[in-house]
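First up is the structure itself, then whatever we jot down about it.
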Amino acid sequence: MPAGITFDDTVATKLVVGLIAWFAQMGFHEGGHAWAAYKLGDDTAYLMGKRTVNPFAHVNWREPFSVISAVVMPAVTALYFTIPLGMAWVPVNPSKFRHPLRDHAIVAFAGPAGGFVVAIIFFLLYLAVYPIIHTADPSVAQALLYRLIAITYITAIVYSVFNLVPIPPLDGSNILYFFGNEALRSFMDKIRPYGFMIIIAVFWIAGGGVIIQPAISAMLWPFVHIPPMVWGG
Numbered sequence: 050m051p052a053g054i055t056f057d058d059t060v061a062t063k064l065v066v067g068l069i070a071w072f073a074q075m076g077f078h079e080g081g082h083a084w085a086a087y088k089l090g091d092d093t094a095y096l097m098g099k100r101t102v103n104p105f106a107h108v109n110w111r112e113p114f115s116v117i118s119a120v121v122m123p124a125v126t127a128l129y130f131t132i133p134l135g136m137a138w139v140p141v142n143p144s145k146f147r148h149p150l151r152d153h154a155i156v157a158f159a160g161p162a163g164g165f166v167v168a169i170i171f172f173l174l175y176l177a178v179y180p181i182i183h184t185a186d187p188s189v190a191q192a193l194l195y196r197l198i199a200i201t202y203i204t205a206i207v208y209s210v211f212n213l214v215p216i217p218p219l220d221g222s223n224i225l226y227f228f229g230n231e232a233l234r235s236f237m238d239k240i241r242p243y244g245f246m247i248i249i250a251v252f253w254i255a256g257g258g259v260i261i262q263p264a265i266s267a268m269l270w271p272f273v274h275i276p277p278m279v280w281g282g
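For the sequence shown, the numbering used here assigns the number 50 to the initial residue and increments by one for each residue that follows.
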């Protein structure tokens, strides 16, 4: 990058790149839920126009909480933490499934699976443009392209892995609910109303991020090591 330019640290760059990364993975994540639900018999999200990877269809623009959680929160966290964090959701009606517990688990997994698809797409993109980005004297445009690809890849991985944690209302809880016995299901039903407080306590107070860090690190390894191995960098 040219001397004197700190392009990666500007507020505009963090905001724009962070929101692009967030909306890319969010669209596939929520679209994955809606697509799987529709295939399994629940047309609730489909009738609301949410069976799509268009992220803006998954923001309820007339509901302040949806706008805050799906737009404002990712923007703020992108500025402060580089990686955007937020929430979005699609409505699911398990009563429309032929096999409610099983199908709800499949729908739950489809969200993180959509995020992993985004990660694969951006990994392949990075692999293709690696020699263009990594030159002796990278330009501002090259630095921006790398940042966009890397942040989107990392965001998709982090958000997908985090959502597989089996704490309500995260997707992993519905997967575990299907495989669990009656005692476990009863326990999860009891803690469900306190899910958000438990998540905050585990990850923001008790440092529970170390639990998912190995999985995240393992999925970051290909992005860091394979392109230079392929291109001899």
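The C-beta atom is built at its ideal place from N, Cα and C for all residues, glycine as well.
Assigned with DSSP and collapsed to three states, Arg-111 falls in coil, not helix or strand. Nearest to Phe-105 by C-alpha distance, out of Ala-119, Pro-263, Val-66, Thr-126, is Ala-119. It is roughly 18 Å from the alpha-carbon of Val-178 to the alpha-carbon of Leu-269. Closest in C-alpha terms to Val-214, from the list Thr-126, Phe-252, Ala-85, Ala-190, comes Phe-252.
The Cβ atoms of Val-139 and His-153 do not sit closer than 8 Å to each other.
Taking each of Thr-131, Val-156, Gly-258 in turn and checking the Cα distance to Leu-197, the smallest one comes out for Thr-131. Val-116 has its alpha-carbon roughly 19 Å from the corresponding atom of Ala-83. Inclusion of Thr-93 and Leu-193 in the CB contact set at 8 Å is not warranted, their separation being larger than that value.
With fewer than 16 other Cβ atoms from the protein chains shown falling within 10 Å of its own Cβ, Val-273 counts as exposed. Minimum Cα-Cα distance from Ile-265 among the listed residues Thr-204, Trp-71, Val-167, Tyr-87 corresponds to Thr-204. Each of Leu-233, Leu-174, Asn-223, Ala-232 was checked against the Cα of Pro-276, and the nearest Cα belongs to Leu-174. With respect to the C-alpha of Met-136, the residue from Gly-256, Ile-260, Leu-219 having the closest C-alpha is Leu-219. Phe-165 has its alpha-carbon roughly 11 Å from the corresponding atom of Met-75. Annotation for Phe-252: no alpha helix (DSSP H) segment contains it, and DSSP assigns it neither H nor E. In the structure shown, Ala-157 falls within a helical segment according to DSSP collapsed to helix, strand and coil. For Trp-84, the enclosing alpha helix (DSSP H) covers residues 60-88.
Scanning its chain for C-beta atoms nearer than 8 Å, with the 5 sequence neighbours on each side dropped, one finds around Gly-229 the residues Met-237, in chain order. The beta carbons of Ile-224 and Ala-157 sit about 5 Å from each other, so the pair counts as a contact at 8 Å. Separation of the CB atoms of Ile-200 and Ala-168 is rounded to 12 Å, and the pair is thereby denied contact status at 8 Å.
Sorting Ser-222, Pro-263, Gln-191, Thr-101 by C-alpha distance to the C-alpha of His-78 places Thr-101 at the top. Only exposed fits Asp-186, as fewer than 16 other CB atoms lie within 10 angstroms of its CB.
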